[in-house]
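S.K.:
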Amino acid sequence: DTGVSQNPRHKITKRGQNVTFRCDPISEHNRLYWYRQTLGQGPEFLTYFQNEAQLEKSRLLSDRFSAERPKGSFSTLEIQRTEQGDSAMYLCASSSWRGTSGNTIYFGEGSWLTVV
Amino acid sequence: QKEVEQNSGPLSVPEGAIASLNCTYSDRGSQSFFWYRQYSGKSPELIMSIYSNGDKEDGRFTAQLNKASQYVSLLIRDSQPSDSATYLCAVNTHDYKLSFGAGTTVTVRA
Numbered sequence: 011d012t013g014v015s016q017n018p019r020h021k022i023t024k025r026g027q028n029v030t031f032r033c034d035p036i037s038e039h040n041r042l043y044w045y046r047q048t049l050g051q052g053p054e055f056l057t058y059f060q061n062e063a064q065l066e067k068s069r070l071l072s073d074r075f076s077a078e079r080p081k082g083s084f085s086t087l088e089i090q091r092t093e094q095g096d097s098a099m100y101l102c103a104s105s106s107w108r109g110t111s112g113n114t115i116y117f118g119e120g121s122w123l124t125v126v
Numbered sequence: 248q249k250e251v252e253q254n255s256g257p258l259s260v261p262e263g264a265i266a267s268l269n270c271t272y273s274d275r276g277s278q279s280f281f282w283y284r285q286y287s288g289k290s291p292e293l294i295m296s297i298y299s300n301g302d303k304e305d306g307r308f309t310a311q312l313n314k315a316s317q318y319v320s321l322l323i324r325d326s327q328p329s330d331s332a333t334y335l336c337a338v339n340t341h342d343y344k345l346s347f348g349a350g351t352t353v354t355v356r357a
């Protein structure tokens with residue numbers, strides 16, 4: 011079974027440009043999460059999907075950020091008009107949630123964004 | 248108050264010693280608790296999960312949970328240089344998202 015796959019792994023972009031990250035979760039995992047991590051901090055929750063429905067967005071997710079998960083499979087995270095403060099590692103994770111405790115979340119390798 | 252707080256590091260231990268990591272959480276309704284290991288420049292890797300009060304052992308790792316005190320810990324026995332990493336405590340919120348602490352960086356001295 012393959013793990014969570016993210017691409018691109020690294021992206022350098024100029025301020026003001028748009029970037030898009032893609033995440034392919036573990037097959038049959040119904041939940042998909044996006045987190046952001048900056049140096050010296052733990053991952054911060056951004057948003058998550060259950061199947062194709064986006065159930066929650068953090069207040070950290072400004073209107074420049076949008077995420078989709080069409081058909082409940084892969085997901086994309088787009089950042090419009092990037093700012094230097096967007097530089098971070100963007101982590102995708104997935105889980106097989108069945109409505110009980112023990113929802114184990116597995117992370118992909120992350121996508122590093124550097125805005126110059 | 249942060250949802251998850253970890254003891255400040257960095258923590259330096261000699262090879263073969265026990266490394267002790269602590270974590271407290273604020274949501275008394277939390278049900279699931281996890282420890283992730285993160286090497287520099289890499290993504291978090293799950294090493295332990297614990298759901299019930301008491302101890303859970305897996306190899307050289309032991310997780311301890313005390314829900315009454317809202318406290319979870321991780322012990323690493325016989326520490327090895329390969330254990331040098333940042334350890335992240337994570338707690339499932341009421342709707343099963345993970346909330347993370349800032350991490351404790353452990354350095355094992357050879």
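Chains as they are written, first to last, in our numbering: chain A, 11 to 126; chain B, 248 to 357.
The C-beta atom is built at its ideal place from N, Cα and C for all residues, glycine as well.
Because the structure is a prediction, the values reported are computed rather than measured.
(1) Among A/H20, A/W107, A/T12 and A/T92, which has the Cα closest to the Cα of B/G288?
(2) Whole angstroms are fine: how far does the CA of B/E262 sit from the CA of B/S242?
(3) Flag this pair as yes or no: are the beta carbons of B/Q311 and B/D325 separated by less than 8 Å?
(4) Does the beta-carbon distance from A/I89 to A/N28 come in below 8 Å?
(5) For chain A, check one thing: does any of its Cβ atoms lie closer than 8 Å to the Cβ of B/G350?
(6) Please state the DSSP three-state secondary structure of B/P261.
(7) Express the C-alpha separation of B/F280 and B/A264 in angstroms, rounding to a whole number.
(8) Closer than 8 Å, CB to CB, is B/L258 near chain A or not?
(9) Determine which residues share a DSSP beta bridge with A/W44 and list them.
(10) Mind checking the region 35 to 61 of chain A against chain B and listing, in chain order, the residues whose C-beta falls within less than 9 Å of any C-beta there?
(11) On the premise that A/Q47 lies in contact with A/E54, defined as a C-beta separation below 8 Å, what is that separation, rounded to the nearest angstrom?
(12) Restricting to Cα atoms, I'd like to know which of A/W107, A/S105, A/G95 and A/A103 is closest to A/L123.
(13) Using beta-carbon positions only, say whether A/E77 and A/S85 come within less than 8 Å of one another.
(14) Please report how far the alpha carbon of B/L345 lies from the alpha carbon of B/L258, in whole angstroms.
(15) Can you name, in chain order, every residue of its own chain whose Cβ lies under 8 Å from the Cβ of B/L268, other than the five neighbours on each side?
M.R.: On the basis of the coordinates in this document:
(1) Here residue 288 of chain B refers to the residue found at position 41 when the second sequence is read from its first residue. Comparing C-alpha distances from B/G288 to each of A/H20, A/W107, A/T12 and A/T92 shows the shortest one belongs to A/H20.
(2) Because residue 242 of chain B is not part of the residues shown, which for chain B are 248 to 357, the question remains open.
(3) Taking the second sequence and counting its residues from 1, one reaches residue 311 of chain B at position 64. Taking the second sequence and counting its residues from 1, one reaches residue 325 of chain B at position 78. No. Outside cutoff.
(4) As a working mapping, residue 89 of chain A is identified with position 79 in the first sequence. As a working mapping, residue 28 of chain A is identified with position 18 in the first sequence. Yes, Cβ-Cβ distance for A/I89 and A/N28 is below 8 Å.
(5) Translated into the one-based positions of the second sequence, residue 350 of chain B becomes position 103. It does: the Cβ of B/G350 has a partner Cβ on chain A nearer than 8 Å.
(6) To locate residue 261 of chain B, count along the second sequence from 1; it is residue 14. B/P261 falls in the strand class under three-state DSSP.
(7) By one-based count along the second sequence, residue 264 of chain B stands at place 17. By one-based count along the second sequence, residue 280 of chain B stands at place 33. C-alpha separation (whole angstroms): 25 Å.
(8) Taking the second sequence and counting its residues from 1, one reaches residue 258 of chain B at position 11. At a cut-off of 8 Å between beta-carbon atoms, B/L258 makes no contact with chain A.
(9) For the purposes of this step, residue 44 of chain A is taken as the residue at position 34 of the first sequence. In the DSSP output, where bridge partners are listed per residue, A/W44 has A/T57 and A/C102.
(10) R41, Y43, Y45, Q47, G50, Q51, G52, P53, E54, F55 and Y58
(11) As a first step, residue 54 of chain A is located in the first sequence; it is residue number 44 there, counting from the start. As a first step, residue 47 of chain A is located in the first sequence; it is residue number 37 there, counting from the start. Rounded, the Cβ-Cβ distance is 7 Å, consistent with contact.
(12) For the purposes of this step, residue 123 of chain A is taken as the residue at position 113 of the first sequence. Considering only A/W107, A/S105, A/G95 and A/A103, the residue with the shortest C-alpha distance to A/L123 is A/G95.
(13) Mapped onto the first sequence, residue 77 of chain A falls at position 67. Mapped onto the first sequence, residue 85 of chain A falls at position 75. It is Ala, not Glu, that sits at residue 77 of chain A in the sequence shown. Result yes, Cβ atoms of A/A77 and A/S85 sit closer than 8 Å.
(14) Counting from one through the second sequence, the residue named residue 345 of chain B turns up at place 98. Counting from one through the second sequence, the residue named residue 258 of chain B turns up at place 11. The alpha-carbon atoms of B/L345 and B/L258 are separated by roughly 24 Å.
(15) Numbered from 1 along the second sequence, position 21 holds the residue referred to as residue 268 of chain B. Once the five neighbours on either side are set aside, the close Cβ partners of B/L268 are Q253, N254, L258, W282, S320, L321, L322, I323, Y334, C336, T351 and V353.
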